[in-house]
Each structure stands twice: as C-alpha cells, then as structure tokens.
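In the numbering used here, each number is its position in the sequence shown, counted from 1, plus 1. Virtual Cβ for every residue (Gly too), placed ideally from N, Cα, C.
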Amino acid sequence: MSEATAILDAVGKGDAEASAAFLNLVYNELRHLAASKMAREAPGQTLQATALVHEAWLRLIGDENRRFENRTHFFAAAAEAMRRILIERARSRKAMRRGGEFERVNLEEDMLASPEGDEQLLALDDALEKLKLKHPIHARVVALRYFAGMSNEEIAALLGVSLSSVKNYWVFSKAWLFREIKRG
C-alpha cells in the first residue's frame, strides 16, 4: 500500500490529521490539475487555480460518506469536482446575462413600518392608493398589517379568508409596493 493510499484510508476513517497530511502530499498536483483546467477556460475568468483547488478539496473531503480507493481514484474525483465547479460558475455567468444580476430583495415589514421621512411615507401612500385601485383586498391586507398592526390570523378572520390567502396577498403586495415605490 502506497503512502497516499494509507493516508486516504485514514482520511476515510475520519482522521483530521490525515486530511491535512494528504492535502500536503497532493496539493501541488491538485494545483497543477486546476491550472490545466483553468487554462482551457475562456479569458476573463475570475476564479484562480488556488481557489478552485480549495473549493474542490472542501467538496471532496467535506463529504463524510465518500471514500477513495487509492490516489488515482482521488484524482479522478478531484478532476470531476473541478469540472463541476467550473460548470456551475459558467451557468451562473450565463444566468447573469439573462437577468441573473438582479438581486432578490426581501421586503420586510420593518422596511414598510418605519419609513424614514415624509417623502417615503408619501411614496408608500401613493403606491398603496394605486394598489387599492387594482387589487383592493391586497391593499386592505397591507393597511391592516401596516397601520393597524394586525397579525395574519386576525386579518384572515376579519376578512373571512384563509390564512394562506392572507399570506399570499401580503407577499404579493410587498413586492408590488416595492416595485411601485422604486419606479417613483
């Protein structure tokens, strides 16, 4: 049994020191493998070979159920992990070109409940009036939560609708109001 295979066996048994020893043993080879993979990537790649090695290492060693038969098996798995990381990044960049650069914003109650200044309060009121014209029940849910401080359960009972409907109205209304306020 080679030194690498013996250390891999210890890694498979959960020996943390063996993980560090194995990384020291194979780091330069992993770095070379990562560099060769990165050389085939399109220009402008922001991921560095070192980061690729570290991310692949975390995926390989972080999986407690994964065992490697020998050094060759480990390097095959490392190459596959690096390939998957590069594919994930490519998909992410592609999504960015198709609107993926938009950040999901969670509009929380406190963002509505404590507007800073009269201008924001007026903007909220204008948006709420527009919502009332298009979706009156949604506007009522917002008014009851925002101005009356009622819970979803209380609103559902008052309006005679289900709790899930109130939650859906609230989620929709927050997004609608946020978009409307942003338009200004």
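Would you mind sorting residue i into buried or exposed? The rule is 16 or more other CB atoms within 10 Å of its CB.
i, result
"Ile8", "buried"
"Ala21", "exposed"
"Val172", "exposed"
"Ala174", "Before going further, note that residue 174 is Ser rather than Ala in the sequence given. So Ser174 ends up on the buried side."
"Ala82", "buried"
"Leu31", "buried"
Using the C-alpha atoms, what's the distance from residue j back to residue i?
i, j, result
"Ser165", "Lys131", "24 Å"
"Leu125", "Asn153", "20 Å"
"Arg72", "Ala5", "6 Å"
"Ala176", "Leu61", "40 Å"
"Asn29", "Ala91", "25 Å"
"Ile88", "Gly15", "29 Å"
"Ala11", "Leu48", "31 Å"
"Ala77", "Glu18", "23 Å"
"Lys135", "Tyr170", "13 Å"
"Gly161", "Met39", "60 Å"
"Leu159", "Gly185", "32 Å"
"Ser163", "Val27", "59 Å"
Hey, out of the options, whose CA is closest to residue i's CA?
i, options, result
"His33", "Ala80, Lys14, Trp177 and Gly15", "Ala80"
"Leu178", "Asn169, Leu48, Asp127 and Ala157", "Asp127"
"Ala36", "Thr51, Leu26 and Phe69", "Thr51"
"Ala140", "Ser163, Glu155 and Val167", "Val167"
"Leu24", "Gly185, Leu59, His136 and Arg180", "Leu59"
"Ser3", "Val143, Glu70, Arg180 and Gly63", "Glu70"
"Lys183", "Val27, Gly13, Leu123 and Arg84", "Leu123"
"Glu181", "Arg84, Leu129 and Ile138", "Leu129"
Between residue i and the rest of its own chain, which residues show a CB-CB distance below 7 Å, the 5 nearest in sequence each way excluded?
i, result
"Ile86", "Leu53, Glu56 and Ala57"
"Gly118", "Confidence at Gly118 is low in this model, with a pLDDT of 44, below 50, so its placement is unreliable and the value that follows should be read with caution. If we look at Gly118 and ignore the five residues flanking it on each side, it has no Cβ neighbours."
How about residue i: is its Cβ closer than 7 Å to a heavy atom in the ligand PLP?
i, result
"Glu18", "Questions concerning the ligand PLP fall outside what the structure shown contains, since it holds no ligand whatsoever."
Tell me which residues share the same chain as residue i and place their Cβ nearer than 6 Å to its Cβ, disregarding the 5 neighbours each side in the sequence.
i, result
"Leu145", "Met151 and Ile156"
"Lys133", "Ala140"
Ignore the nearest five residues each way along the sequence and tell me which others in residue i's own chain have a CB closer than 8 Å to its CB.
i, result
"Val142", "Ile156, Leu160, Val167, Tyr170, Trp171 and Ser174"
"Arg84", "Lys38"
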